[in-house]
Each structure stands twice: as structure tokens, then as C-alpha cells.
Amino acid sequence: MVGDSIEGLHIQSSPFMPNIGEIVEALPCFKSLKMLIIDGDRPETSFDNIVAPLETLSMRFTPDTCHSLTSALENPTWLPTLKAVRMYQETNPLRETPRPNPEDTLEQSLQSVCAARDIQLAWTSDWQYSTYFQD
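With UniProt numbering, you'll find the sequence shown wraps up at 135, consecutive numbering, no jumps.
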């Protein structure tokens with residue numbers, strides 16, 4: 001199976017594929033993934049179907065994405081190998097979803113669950129591919 005040998009995957013939506021939910025639903029087929037980037041609008045699925053030994057998970061910030069990810073991370077058995085979560089904030093002011101204030105409940109919840117699981121949480125305003133593809 002092709003998915004067994006893939007260690008890094010970048011899922012990106014486009015005008016031809018505006019909803020990436022179907023691809024996210026296929027993630028259980030990728031059993032060797034260590035790095036996953038979801039670049040696009042939030043899929044209408046949950047993240048708890050990911051079973052690969054992910055070490056890095058990166059995605060665009062939206063309130064829904066933040067909430068879904070926090071809910072999935074609250075299960076301590078989900079992605080036990082996860083070491084880093086990177087949230088990307090859109091820099092295009094026409095499409096921007098503002099990053100929450102540090103006092104915001106969404107960000108606090110995500111920070112708390114990441115801290116409890118010893119997962120590094122980073123916020124970035126631009127995709128920094130060199131940090132995602134390091135060995």
C-alpha cells in the first residue's frame with residue numbers, strides 16, 4: 001500500500017478541491033506519517049482518525065480547527081508520539097482569521113493540553129518549510 005511508506009504529507013486545498021475533508025478521512029491509510037501539514041480551510045471531520053506516529057502536526061488557525069485539535073489532544077492516548085504542534089496564521093488581511101489573544105479560552109485550552117502532554121506549541125504567520133522538513 002502506498003500510504004505505508006509516506007512519512008511526510010502536506011495537504012493543501014485549492015479552488016479545484018475546496019474541501020479537504022475527504023483527504024483527512026483517508027489519513028488512517030498513512031501508517032508511517034511523522035509530519036503532517038494541513039493547509040486549507042478546516043475539514044468537516046475530526047482529527048482523531050489519525051493513527052500514525054506523528055511527531056509534528058501543522059495547520060492553519062481557525063477557531064474550529066483550534067477547538068477540534070484541543071478536543072482530540074485531550075485524549076492522552078491519541079498521537080502519543082506527537083512532539084510539536086504549529087498553528088499557522090494567515091497573513092493576507094483579506095482572508096485573515098485573527099489569532100486569539102493570550103487570554104482567549106481557545107488558545108488557553110490548546111496551550112494547556114499541549115503543556116500537559118509535553119507538546120511544543122508554536123504560532124507562525126508564514127509557512128516555514130525548513131522547520132517542517134528537518135530530520
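All C-beta atoms in this analysis are idealised placements derived from N, C-alpha and C, irrespective of residue type, glycine included.
Rounded to the nearest angstrom, what separates residue i and residue j at their Cα positions?
i      : j      : result
Asn49  : Gln120 : 21 Å
Pro63  : Ile23  : 21 Å
Ala116 : Thr105 : 16 Å
Leu79  : Gln12  : 22 Å
Asp39  : Thr56  : 14 Å
Mapping DSSP to helix, strand and coil, what is residue i?
i      : result
Ser32  : coil
Ser125 : coil
Asn50  : The residue you asked about is not Asn; residue 50 is Ile in the sequence shown. Of the three classes helix, strand and coil, the one that applies to Ile50 here is coil, per DSSP.
Gln108 : helix
Using only CA atoms, which one of the options lies nearest to residue i?
i      : options                       : result
Met87  : Thr81, Pro76, Gly8 and Ser68  : Ser68
Cys114 : Ser32, Glu74 and Gln89        : Glu74
Ala72  : Gln89, Ser5, Ser109 and Asp39 : Ser109
Met35  : Pro28, Ala26, Ser112 and Ile6 : Ile6
Give me the DSSP bridge partner(s) of residue i.
i     : result
Ala84 : Thr56 and Gln120
His10 : Ile37
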